[in-house]
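Input: a single structure, listed below in structure tokens.
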DNA sequence: ATGGTAGACCTTCTA
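Set out below in structure tokens:
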């Protein structure tokens, strides 16, 4: 069972790129972020043609997340619990009904820039809601994965030029502490646990030749519950996807679990 | 200190 996460930066602008990668990598489950469209404009048929079931939580212009799965998707939840007034589409969860079911939450954590604004406060509040939700899921004692664009650089080693990110919401002590608080619930980060370079970058800005200069950061992560971590056998960052035609600024990260 | 690029969409916002 291969579970991928990928911020595609508009699923419609990126459709041919995304389809080409899916044909190549053939993951069983994909968490997509920044689809940047409402549900009705999501190109579901194109993914169904590749054998995927689709669950979407879309939004006009910004954000938007989706789940693709070669197995049925059950018990779908749209939106992160904890704030009924939150209208941003950044979380979708479902149970993947394979031979050994696994719950998958796909998330697009708020960027939070610039710091000192309501956007940064929203980021931290969202992270606390995510921590609480993960704590609730742990009580169910089941295999689950929380995968997505966390918009957090956990450690200096996760950036080519960490000092350049000191004033950025992605590298603030508060952001990093909230990320660790999530981890310290007892979750295992897939990358680095099973062979992959633990600090391999997952994002390179479109600007200033960041990709050509390898000015990357590691901000896309998969957190595993204890029962999922027991089944984890591999985690691969698909760096090559950044060199594709019309690339996203993020690349897919794929974790493999025993069936 | 600034600008560089990309996407949605209508003019500026987000990243």
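In my numbering, the protein residues as written are 1334 to 1592. All C-beta atoms, glycine included, are put in the ideal place defined by N, C-alpha and C. Given the structure is predicted, the values throughout are model-derived calculations rather than measurements.
For residue 1534, there is no enclosing beta strand (DSSP E), since its DSSP letter is neither H nor E. Listed in chain order, the alpha helix (DSSP H) elements of length 4 or more contained wholly in the region 1346–1405 are 1348–1358 and 1377–1381. Non-local beta-carbon contacts of residue 1396 in its own chain, meaning distances under 7 Å to residues more than five positions away in sequence, involve 1367, 1421, 1422, 1423 and 1441 in chain order. Spanning the alpha carbons of residue 1536 and residue 1545 requires a straight line of approximately 12 Å. For the pair residue 1350 and residue 1578, the CB atoms are nearer than the 8 Å cut-off. No residue range can be given for residue 1575, since it is assigned to no beta strand (DSSP E) and is classified by DSSP as neither H nor E.
For the pair of segments examined, the region 1449–1464 was found not to touch the region 1492–1500: the number of CB pairs separated by less than 8 Å stays below three. Taking C-beta atoms as the reference points, residue 1409 and residue 1364 fail to come closer than 8 Å.
Unbroken alpha helix (DSSP H) stretches of 4 residues or longer found wholly inside the region 1407–1442: none.
Sequence-distant Cβ neighbours of residue 1591 in its own chain, meaning closer than 7 Å and more than five residues away, are 1564 and 1566. Residue pairing by DSSP places residue 1479 opposite 1438 and 1556 in a beta bridge. Rounded to the nearest whole angstrom, the C-alpha separation of residue 1405 and residue 1473 is 21 Å.
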